[in-house]
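Residue numbers (my numbering), protein chains in the order written: chain A, -13 to 373; chain B, 20 to 390.
Built from N, CA and C at the ideal position, the CB exists for glycine as well.
Since the model is a prediction, treat every value here as computed from it, not as a measurement.
Below is one structure, written out as structure tokens, with a few remarks after it.
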């Protein structure tokens, strides 16, 4: 990518955004309410949200780096950077967010057959199908490979029985991608398959779990004689752990946070000053340290993306991004609570859902692998310390 | 668009530097120098100059290799790993960058002498216990066509043995940077007995004569020349400290794999594994800030202030953690003089203060980020 063609792309994009991004979508809303998740049952919060999604989907901008034939815009890494810079410049909302985009998409792009890609990816890109992830179970948390939900071979399909937990937004999702035990005799990592399941069938039920933040983003999902046709497998039978590991890497990079680099994103100092004109020396010092770490972690995310584009995948080092990013985010929200003082202590008080957001972040260092699991991955696989 | 990934040339440079330093300047070499009170090895510096390191920031037509700031950081980082002793940051980075801001024949000639290894420099800025160039009080009073310098400097790194000094002085309407030979009449140099066993000096200027020729850049406008030089030096120092962190870390992980207690390698204990893993994460994050600072200095030096301060702040913090954890995880042996970990700890502490400590750079970041 030469400088010229990046500049050309930027100019084109800028014009397109100017003409196509509705004013209401230029508030950069990062709150839960501002997010468009898509799916069969999605109710748009405004006409602008619908229009913005449709326009972006038509250009491939909901999944800018995916190939054009699968609903993306086929952007290079350099163009992607420009895309995010220009979106950020007008404070545009992300048109669509979903586990299909973040997780299933990358897994299918890597492991899926061509038919699977053509079948599953475009509806994700257009926001038509909403996916959720079925990994954890009551007995398979940090020890994820211990999943027991069973897929019994019935010739042309698997018969599924068991329970998943912490399935984010399962009650609102249309499909679930899940780890199922398809061989009970094999060692635990070698009897798992990565299956795609339509949730619109009698054998699948979901039950929301009320969390400390007061809301229920997570569910329990029960499978009772649910049916998954044999073609709905990603990768090979009993090799689902490879897909899961690949996906977890993506998840870790995603959870590690924005990747906004130096200069991007709103500075913590400014955010805190919204509620507190003079934050005092101690809070200021803590916030400044957090800001410094945040800038450096943002650069690290950029560096890993650049490296991966140059053919050096992050691999196990992505555990570092997840660990550092989530611990930082927890700290950031602690500081925002401090800066909010007693205004932050009311549900739906003067600062909106600040307390809920703060409580929500406590899961960051648990979901997708705990901080302790991440440190163990680094110490064993990166540093080569003995198990 | 710049990339936060090492180029092939940078990787080769790092490999080459590592190969050279492991042979010519391992930590054991530093120990020998420390034991006899030697703070500079001119032969070693000459070898570095012959490889193009002294001229890393000197334009090719002045006799340098002109590899850029990111490359200078790569070299500094490798030097940090083995605690190599050289005036690289003072001469090849700070002085060369200052001189490059000036295009006269005298500056070009001076750059050539840096690149060839013939002349070494030290930067005399600090007067109090903390880095604070704006507070400079050393006076350069106009006297006929020249100036007379009176005052004191301290913590002049490489200052006891450098051939030349860059001296920041207060003139009538601002600050002025002078480039003078270190043996000029009235310059009294006292070597400081530093904890890291490197060259630093307290220097007294007693009616030292300087001519207009000795002014680097414009009178009353030192920062035009000095600011880019300081930024380059801060970035290279941050890189050196990150190399130092990596060196201390490698020693520590090696020890965890080898030392046995309770019948097993202590690296099997999760308490130590997680400490080591956390430290690795911090070093990895700081390495990104170093790479970014080099890229910014090469592509947009005027916009590099935030990137440089971020690199120095993070590097200072990370090096502190690396040496504290290094000693702790080594246990008692880490406290002994016979073991090298203490060298890393002392160098990290000196590096923390030089060219602005964590607070200094954090405040720069605060200003840039709306605090």
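Going by C-alpha to C-alpha distance, which of the options sits closest to residue i?
i	options	result
residue 258(A)	215(A), 101(A), 319(A), 34(A)	319(A)
residue -5(A)	69(A), 44(A), 186(A), 159(A)	69(A)
residue 30(B)	299(B), 127(B), 132(B), 94(B)	94(B)
residue 308(B)	84(A), 282(A), 273(A), 270(A)	282(A)
residue 261(A)	237(A), 304(A), 323(A)	323(A)
residue 337(B)	103(B), 85(B), 295(B), 232(B)	295(B)
residue 181(A)	98(A), 78(A), 299(A), 358(A)	98(A)
residue 41(A)	53(A), 135(A), 58(A), 29(A)	58(A)
residue 65(A)	357(B), 179(B), 21(B), 316(B)	21(B)
residue 325(B)	389(B), 32(B), 118(B), 370(B)	389(B)
residue 42(B)	92(B), 85(B), 100(B), 223(B)	100(B)
residue 220(A)	101(A), 135(A), 63(A), 61(A)	101(A)
Answer with buried or exposed for residue i, where buried requires no fewer than 16 other C-beta atoms within 10 angstroms of its C-beta.
i	result
residue 331(A)	exposed
residue 333(A)	exposed
residue 152(B)	buried
residue 326(A)	buried
residue -12(A)	Because residue -12(A) carries a pLDDT of 47, less than 50, the predicted location of this residue cannot be relied on, and no value is offered for it.
residue 359(B)	buried
residue 367(A)	exposed
residue 354(B)	exposed
residue 339(A)	buried
residue 149(B)	exposed
residue 9(A)	exposed
residue -3(A)	exposed
residue 48(A)	buried
residue 72(A)	buried
residue 75(A)	exposed
residue 311(B)	buried
residue 214(B)	exposed
Quick one: grab the DSSP three-state call for residue i.
i	result
residue 378(B)	helix
residue 391(B)	Limits of chain B in this structure are 20 at one end and 390 at the other, which puts residue 391(B) out of reach.
residue 222(A)	coil
residue 22(B)	coil
residue 104(B)	coil
residue 181(A)	strand
residue 235(B)	strand
residue 276(A)	helix
residue 353(B)	helix
residue 346(B)	helix
residue 350(A)	coil
residue 209(B)	strand
residue 12(B)	In the structure as shown, chain B starts at 20 and stops at 390, and residue 12(B) therefore has no counterpart that could be examined.
residue 132(A)	helix
residue 45(A)	helix
residue 305(B)	helix
residue 363(A)	helix
residue 83(A)	coil
residue 249(A)	Note that residue 249(A) scores 39 on pLDDT, short of 50, meaning its location in the model is unreliable; the coordinates nonetheless yield the value given after this. DSSP places residue 249(A) in coil when its eight states are reduced to three.
residue 267(A)	helix
Tell me, please, which residues DSSP counts as bridged to residue i.
i	result
residue 146(A)	137(A), 212(A)
residue 206(A)	151(A), 193(A)
residue 284(B)	279(B)
residue 272(B)	Looking at the DSSP assignment, residue 272(B) forms no beta bridge with any residue, so it has no partner.
residue 166(A)	179(A)
residue 94(B)	Answer by DSSP bridge pairing: none, since residue 94(B) is not bridged.
residue 161(A)	117(A), 184(A)
residue 173(B)	Looking at the DSSP assignment, residue 173(B) forms no beta bridge with any residue, so it has no partner.
residue 224(B)	170(B), 206(B)
residue 231(A)	Note: residue 231(A) sits in no beta bridge, so no partner.
residue 195(B)	188(B)
Report yes if the C-beta of residue i is less than 7 Å from at least one heavy atom of the ligand PLP; otherwise report no.
i	result
residue 387(B)	Among the ligands in the structure shown, none appear at all, so the ligand PLP cannot be discussed.
Using 8 Å as the cut-off, can you tell me whether the stretch 55 to 67 of chain B makes contact with the stretch 269 to 280 of chain B, which would need three or more C-beta pairs spanning the two stretches below that distance?
Below 8 Å, too few C-beta pairs join the stretch 55 to 67 of chain B and the stretch 269 to 280 of chain B to call them touching: fewer than three.
Across the stretch 252 to 263 of chain B and the stretch 229 to 242 of chain B, are there enough close Cβ pairs to call them in contact, namely three or more that are closer than 8 Å?
no
Between the stretch 188 to 201 of chain A and the stretch 150 to 165 of chain A, do three or more beta carbon pairs fall short of 8 Å?
The answer is yes - the stretch 150 to 165 of chain A touches the stretch 188 to 201 of chain A, with three or more Cβ pairs under 8 Å.
Just checking, does the stretch 142 to 161 of chain B make contact with the stretch 203 to 219 of chain B on the three C-beta pairs under 8 Å criterion?
As far as the Cβ criterion goes, the stretch 142 to 161 of chain B does not touch the stretch 203 to 219 of chain B, which means the pair count is below three.
Inspect the CB distances between the stretch 311 to 322 of chain B and the stretch 341 to 357 of chain B and report whether three or more fall short of 8 Å.
no
Using 8 Å as the Cβ pair cut-off and three pairs as the minimum, do the stretch 324 to 338 of chain B and the stretch 339 to 348 of chain A touch?
no
Can you confirm whether the stretch 227 to 237 of chain A touches the stretch 198 to 212 of chain A when touching is taken to mean that 3 or more C-beta pairs between the two stretches lie within less than 8 Å?
These segments do not touch.
Would you call the stretch 225 to 234 of chain B and the stretch 131 to 141 of chain B touching, i.e. three or more CB-CB distances under 8 Å?
no
Segment contact flag, the stretch 291 to 306 of chain B with the stretch 270 to 286 of chain A, C-beta cutoff 8 Å, min 3 pairs:
yes
Kindly confirm or deny that the stretch 122 to 130 of chain A and the stretch 181 to 191 of chain A touch, where touching means at least three C-beta pairs closer than 8 Å.
no
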